[in-house]
Structure formats: C-alpha cells, structure tokens
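Protein chains in written order, with the numbering used here: chain A, 1 to 164; chain B, 1001 to 1164.
Beneath this line is the structure, given in structure tokens, with notes to follow.
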DNA sequence: TTAAAGTTGACTATTTTGCTGGGTTAAGTA
DNA sequence: TACTTAACCCAGCAAAATAGTCAACTTTAA
C-alpha cells in the first residue's frame, strides 16, 4: 500500500463523482474543471478505475461516469489499489539478490505494517467522507466556481464558431 | 504523510538498528549487508535521520550509529517523516491555479485522512515491532547470513592484500 | 600517526508522475 | 444519415522522485 499524490487524485475524483453522480453520469471534463486535474490524467486514472470495476463508463452524449456501486460500499483502500501499480515482487520472486527467501522475509515485516494501513483505509468509505460537513461546503463552492468556468468556456466556443 | 519505498527502507534500517545496537554502535556497512540496501543510499537516509535526531552517529573505529532514544520512544510516523520531503504547498500557498483558497480546501480533505494515518503510525513504536516473533527469527537468520558474507569479504580482502 | 569509520556533496541513471495531443469507437440527436 | 458528444486508447514527453555511484574530507580509537 503506497500513498502518493496519484492515489490522492483518484480519491478526490471519486469523491467528486460520488457527490455528483446521483442524478446523471458525470463527465471527466466536469471533474477536471472542478478539481483542477488535467483531463488526460483523469482519463488514465479512470481507465484503471473502470478495469477495477469501481466505476462504469457511459458513452455518447449525456454519458460520463457513475459509481459501479453505492458510495457506502466503496472504500479508500480499493481506490488507491486500483490506480497504483502493484509493487509486485520488487526484488524478490526472482532469485536476484535475495538468497532463497531470507531477504523477502524482511519485506514481509513491512508488508505486515502495510496491511494494517490497508485495513484501516478499507474501513473508510466514500459515503463516510461525504457526510463530513466541510466536504459538502467545499463541493458546493466548487460547483459554483465550475459553473462560471463552463460559462466562460461556452462563451469562448460561441465566439470561435462565429469566426468560422 | 506519504508511504513509499523510501520510507520502507528507513523503517527497515531503523528496525535493524534497534535490534543490533544494544551492545555497540552499528555500521551502515553491516545494515547494508543484512538488509541488502546500497550503502550510499543508507548514507543518504541516515543523514536525514541524524538531522531529525532519530539516531546518533559515532565516528572513528568501533563507531557507527545508535538510536538517539530508546526503541519504545521512536515511532514509525517520525521515521517516515524524517526521510520524506514535506509535500509543502504543492499547488497551494502561492496563487498558482488555486483561485484564492477554494481548491486548497479539497486538499484539506485529503490532509485530514493523511493526518489520521499519521496518528495511527505514531502509535506504533520500534519496540512494538521488535516484540513480534517473526521479526526476531528473521533478524537472527539475517545475522547468520551476514556473517557468511563478511567471512567471504574478509577472505577476498586477504587475497587482494597478498597480490599487492 | 594511521587506518577505520563516519560525513558530505556532487553527479548519474532509472522510474514514476503528471500532462499533451493525437486518434478511434459507441451512442444519442438533428 | 450526418453530426455531436462523450468514453476509450495510444505514443510520447518533461519534471520530479528514487536509487545508487564516486570522490573528498573529518574524526578518533588503536
């Protein structure tokens, strides 16, 4: 279990999704605007999230992403695991330096600790995070911000189409 | 609080140190041999650990490193914090993208989670890890292995000196 | 004094991050 | 049917982090 900015992005995006996907699918473009994450990077992350069956992609107009399950059944550990490479057998597995399994056992020590953190994060769901008060206030604020951005975007598009 | 291989190396090395430093200071060379971590990388890590007052360096022959405090007073969170860069103000702090503090509040959500993990790891000490049975068995096995390596090392040195 | 050990800094290679930009494909809508 | 909107899928790239190398220097026990 690693904890990096990549995982943070994924959790943030999933939380945004959980907050907005009740009514209709949410486009990555919207999430990108609200959370100021690049669209292409979001695509990469959601590609993994989709393959891990955390979200469902719906194509075409009116499409977007929805959670594959209810928010109370999606935990943080699974989100992070979905976007992170498994650290698979870093030096072990093969013969490499590790003579037989000796050095690998050292890793197991860390893994034990790592497992405990994983268990801890498994106990936290998106639903629990949504309940937090400040998450709601921030999300609402971001909605308002994003509307302005989309407004400007539409305006720009309009001007562009007039110049053609 | 990030969790990467860097932090894992540091925790592993500190645990090795805690296990061996009762009698006399432990050299990085020994830790490197036992834990198969490159000596130079260990030097970098211990440079930070020393500046964070986690360990004491003792120079000269018979020198090495010892814990700066007893094993029951050194927790995992502090070890990781010592070797990791603080993620200081990634995008926030300055004006950058974050309009005023809006986006920064999103980070606070994650930081809350991050703080909880930190608190959790603060509750785990080196002494607690040492008590675990399999840690002791592995450590002993590594001692035996390392002796063989040192044996071979001495043998090679001897041959080298004979060729001069 | 001298050699063993720690200490420091600069430098390199590799991997991971985060991102850009180019497409293709599926599904609604005019 | 044509067009649009979105997901999906690549290939590559720059910056950062990771992991390690090398060389010089300092301290101190023997």
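Cβ coordinates follow ideal geometry from the N, Cα and C atoms, glycine included.
- Task: Please name the residue in A:21, A:70, A:43, A:80 whose C-alpha comes closest to that of residue 122 of chain A.
- Result: A:80
- Item | Residues that residue 1002 of chain B contacts on chain A, provided the C-beta gap is smaller than 9 angstroms | 2, 3, 4, 5
- Query: Among B:1021, B:1049, B:1117, B:1006, which has the Cα closest to the Cα of residue 1071 of chain B?
  - Reply: B:1021
- Can you tell me where the alpha helix (DSSP H) with residue 1012 of chain B in it begins and where it stops? 1005-1020
- Task: Please list, in chain order, all residues of the same chain as residue 6 of chain A whose beta carbon is under 6 angstroms from its beta carbon, the five residues on each side excluded.
- Result: 83
- Task: Output the distance between the C-alpha atoms of residue 14 of chain A and residue 128 of chain A, rounded to the nearest integer angstrom.
- Result: 13 angstroms
- Query: Are the C-beta atoms of residue 70 of chain A and some chain B residue less than 8 angstroms apart?
  - Reply: no
- Pick out whichever of A:64, A:85, A:68 has its Cα sitting closest to the Cα of residue 24 of chain A. A:64
- Coarse secondary structure for residue 57 of chain A, derived from DSSP in three states: strand
- Given that residue 1117 of chain B touches chain A, what residues does it touch there, using C-beta distances under 9 angstroms? 3, 117, 120, 121
- Mind checking if residue 12 of chain A is an interface residue toward chain B, Cβ cutoff 8 angstroms exclusive? yes
- Message: Within 10 Å of its beta-carbon, does residue 115 of chain A have 16 or more other beta-carbons around it, so buried, or fewer, so exposed?
- Response: exposed
- Query: Of the choices B:1068, B:1027, B:1034, whose alpha-carbon is the least far from that of residue 1061 of chain B?
  - Reply: B:1027
- Message: What does the alpha-carbon distance come out to for the pair residue 1004 of chain B and residue 110 of chain A?
- Response: 11 angstroms
- Anything in chain B within Cβ reach of residue 51 of chain A, meaning under 9 angstroms, just list it in chain order. In chain order: nothing, as chain B lies at least about 23 angstroms away.
- Item | Residue of B:1032, B:1130, B:1125, B:1053 minimising C-alpha distance to residue 1074 of chain B | B:1125
- Query: What in chain A is Cβ-close to residue 1008 of chain B, meaning under 7 angstroms?
  - Reply: 110
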